[in-house]
């Protein structure tokens, strides 16, 4: 800050004062205002980066089960990061009916990865990008629905379902890019269904994602997310706006689920459901340290609560004697462990095991 003060003095020297010094006062005022603004912005950026660095140091200095590092550029304000966390969790709990176990015992493996069991399902191998929008609730639900449709159809359906339709057209789900409710997303799948739709610029399906992929992170090939500002929720459309898609018309392209469910704090049932029918969606509480996840089994260590997030659970395992869930995020493959993360299993870490949802696709 001493350097900034010295620069202010230097900036004043550019004025060549004459007998009419008052003529220069407006220009001087502008210089001083701009300089003060720069100091404030620099201080905010510096404080936020110091705060993130302190969290990273706190995690890595302990005998922790995971490693932290810089995922997000220093230009990303905490308010923007909160916008990525668009799950609106309900105080009264889930609206969905509880899944009832059929009582049939199954010996499940110690490690399970849905990507390896259902190798033909291309959607299972991919990480989606919600872009500069708080659409995790829609993206995660559509991703889990997609995988489960591929699994239940024995890969006869092997494309993607449109996160954009539920994001844009489900008026009772929430505020679109401003956040929404994953329970209502599954309700929408049952009552209305969604069409096909691939990733941004994929030109696949009836309604592909129109919000741009962007770089949430320190390094990457995409345009920085912050340059887009606050994008509005795409408008609801009742047509296949992908002109290259000729397989079906809009009405006939819809896929639905016959029933929907939730699982609350029942680990054997969560595992059994994933093993038999494919990935499920999970909603959980996010703290500041999660944003810096790089590898290992995440459990909350430092930082404040920042919001709710929805993700896709694809398996489980044990790492260095620590049980975990294997999870696909929606911040593209540059974040975390190539877009995936592990979170501690068995202690309802960050309320992860108390908000599991899914549905059974109509094939």
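Numbering (the UniProt record's numbering), first residue to last: 1 to 363.
Glycine is no exception: its CB is placed at the ideal position from the N, C-alpha and C atoms.
(1) In the structure shown, what three-state DSSP assignment does residue 186 receive?
(2) If we count the other Cβ atoms within 10 Å of its Cβ and call it buried at 16 or more, is residue 265 buried or exposed?
(3) Check for me: the beta strand (DSSP E) holding residue 260 runs from which residue to which?
(4) Are three or more beta carbon pairs between the segment 110–126 and the segment 59–76 nearer than 8 Å?
(5) Run through the segment 205–290 for me and flag every whole alpha helix (DSSP H) of 4 or more residues, listed as ranges in chain order.
(6) What would DSSP say about residue 62, mapped onto helix, strand or coil?
(7) Fully enclosed by the segment 106–157, which alpha helix (DSSP H) runs are 4 residues long or longer?
(8) Residue 292: which of 70, 196, 54, 60 sits nearest, CA to CA?
(9) Suppose you measure from the CA of residue 236 to the CA of residue 176; what does that come to, to the nearest Å?
(10) Does the beta-carbon distance from residue 163 to residue 142 come in below 8 Å?
(11) Assign residue 194 to one of two classes, buried (16 or more other C-beta atoms within 10 Å of its C-beta) or exposed (fewer than that).
(12) Quick check: the segment 254–271 against the segment 71–87, are at least 3 beta-carbon pairs closer than 8 Å?
(13) Looking only at its chain, what residues have a beta carbon closer than 7 Å to the beta carbon of residue 188, apart from the 5 residues adjacent to it on each side?
(14) With a threshold of 16 other CB atoms inside 10 Å of the CB of residue 179, please say whether the residue is buried or exposed.
(15) Who pairs with residue 196 in a beta bridge, going by DSSP?
(16) Below 7 Å CB to CB, which residues in the same chain sit around residue 121 once its five sequence neighbours on both sides are set aside?
(17) Kindly indicate the opening and closing residues of the alpha helix (DSSP H) around residue 80.
(18) Just curious, the beta strand (DSSP E) that residue 344 is in, first and last residue?
(19) Measure the alpha-carbon distance for residue 295 versus residue 308 and round it to whole angstroms.
(20) Using C-beta distances below 6 Å, list every residue in its chain close to residue 260, excluding the 5 sequence neighbours before and after it, in chain order.
(21) For residue 302, write down the residues that DSSP places opposite it in a beta bridge.
(22) With distance defined between alpha-carbon atoms, name the residue in 276, 137, 322, 60 nearest to residue 104.
(23) Could you name the residues of the same chain whose beta carbon sits closer than 6 Å to that of residue 198, not counting the 5 residues immediately before and after it, in chain order?
(24) List the whole-angstrom C-beta distance separating residue 211 from residue 131, where the pair is believed to meet the contact cut-off of C-beta under 8 Å.
(25) DSSP three-state call for residue 326: helix, strand or coil?
(26) Pick out whichever of 263, 326, 115, 328 has its Cα sitting closest to the Cα of residue 99.
(27) Spatial neighbours of residue 244 within its chain, please: C-beta separation below 6 Å, excluding the five flanking residues on both sides.
(28) Output needed for residue 224: all residues of its chain with C-beta closer than 6 Å, excluding positions within five of it in sequence on either side, in chain order.
(29) Quick one: what does DSSP say residue 356 is sitting in, helix, strand or coil?
(30) For residue 297, does the three-state DSSP call read helix, strand or coil?
Let me spell this out:
(1) Three-state DSSP puts residue 186 in a helix.
(2) exposed
(3) 257–263
(4) no
(5) 267–277
(6) Note: residue 62 maps to coil in three-state DSSP.
(7) 114–117, 136–152
(8) 70
(9) 11 Å
(10) yes
(11) buried
(12) no
(13) 166, 170, 173
(14) buried
(15) The beta-bridge partner set that DSSP reports for residue 196 consists of 161.
(16) Once the five neighbours on either side are set aside, the close Cβ partners of residue 121 are 147, 150, 151, 155, 158.
(17) 78–84
(18) 340–344
(19) 21 Å
(20) 96, 186, 190, 359
(21) Paired residue(s): none; residue 302 is not in a bridge.
(22) 276
(23) Result list for residue 198: 160, 204, 205, 208, in chain order.
(24) Contact holds; Cβ gap of about 4 Å.
(25) strand
(26) 263
(27) 203
(28) Its chain contains 215 as the residues whose beta carbon lies nearer than 6 Å to that of residue 224, once the 5 sequence neighbours on both sides are disregarded; these appear in chain order.
(29) strand
(30) Looking at residue 297 - three-state DSSP - the assignment turns out to be strand.
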